[in-house]
């Protein structure tokens with residue numbers, strides 16, 4: 042509240058934390074003001090969330106579109122003991138968002154990551170048509186049997202493919218007719 046950050050950054054950061062609080066509130070069946078933010082309330086999560094919002098604004102990103110999210114599988118140790126992956130908070134934050142296991146025996150998206158992407162992304166699924174201008178990569182610390190990378194493509198959204206005419210590659214239509222004379226037409 043008292044930081045000198047831009048108001049838009051503060052608003053988005055608070056929204057992300059509010060969404061985490063709502064998820065935790067539902068899972069623990071407590072009022073939001075009674076929620077204790079275990080792992081998520083630490084300084085590292087505050088820095089992660091605030092830095093993500095600052096980075097998005099600094100890069101001039103107006104819309105975020107995400108692929109389906111790999112959540113992992115197995116179990117993870119936390120303040121509540123050993124719980125299944127995806128964790129209840131992650132799962133709650135990713136409601137109505139396309140996810141898949143990813144085949145990795147580990148937590149692939151944390152509640153913090155789930156809160157950031159679920160709050161800020163405009164859509165999930167197929168990549169929108171765009172001209173890529175910049176690409177960034179981030180590497181995670183966990184060792185998997187596949188690269189532990191986050192890739193971000195920044196570009197200009199194309200509302201319609203310049204090579205398409207009225208949504209089609211060609212303005213020609215082809216009619217295919219067949220004649221089957223050895224079966225009953227019923």
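In my numbering, the protein residues as written are 42 to 227.
Virtual Cβ for every residue (Gly too), placed ideally from N, Cα, C.
As the structure is a computational prediction, the values presented were derived from the model and not from experiment.
Span separating the alpha-carbon of residue i from that of residue j
| i | j | result |
| --- | --- | --- |
| residue 160 | residue 100 | 18 Å |
| residue 136 | residue 89 | 22 Å |
| residue 228 | residue 132 | Because the chain spans 42 through 227 in this model, residue 228 falls outside it and cannot be assessed. |
| residue 97 | residue 155 | 16 Å |
| residue 43 | residue 151 | 27 Å |
| residue 83 | residue 112 | 22 Å |
| residue 86 | residue 153 | 7 Å |
| residue 171 | residue 217 | 34 Å |
| residue 179 | residue 169 | 21 Å |
| residue 186 | residue 141 | 17 Å |
| residue 106 | residue 157 | 12 Å |
| residue 57 | residue 194 | 22 Å |
| residue 72 | residue 144 | 35 Å |
| residue 46 | residue 162 | 21 Å |
| residue 91 | residue 139 | 25 Å |
| residue 188 | residue 149 | 12 Å |
| residue 54 | residue 94 | 7 Å |
Where the beta strand (DSSP E) through residue i begins and ends
| i | result |
| --- | --- |
| residue 190 | 190-198 |
| residue 166 | Looking at the DSSP string, residue 166 is not in any beta strand (DSSP E), and its letter there is neither H nor E. |
| residue 185 | Looking at the DSSP string, residue 185 is not in any beta strand (DSSP E), and its letter there is neither H nor E. |
| residue 43 | Per DSSP, residue 43 belongs to no beta strand (DSSP E) and is neither H nor E. |
| residue 124 | 122-125 |
| residue 117 | 116-119 |
8 Å contact criterion, which residue i and residue j should meet: CB distance rounded
| i | j | result |
| --- | --- | --- |
| residue 167 | residue 196 | Not a contact, Cβ separation roughly 15 Å. |
| residue 146 | residue 115 | 4 Å |
| residue 104 | residue 198 | 7 Å |
| residue 61 | residue 129 | Actually they are not in contact, since the Cβ atoms of residue 61 and residue 129 sit about 12 Å apart, beyond 8 Å. |
Range covered by the alpha helix (DSSP H) that runs through residue i
| i | result |
| --- | --- |
| residue 129 | 129-134 |
Quiz item: What are the start and end residues of each continuous beta strand (DSSP E) run of 3 or more residues lying completely inside the region 45-86, in chain order?
Solution: You should have found no qualifying run.
Quiz prompt | Contact the region 117-131 vs the region 46-53: 3+ CB pairs below 8 Å | solution = Cβ pair count under 8 Å is below three, so no.
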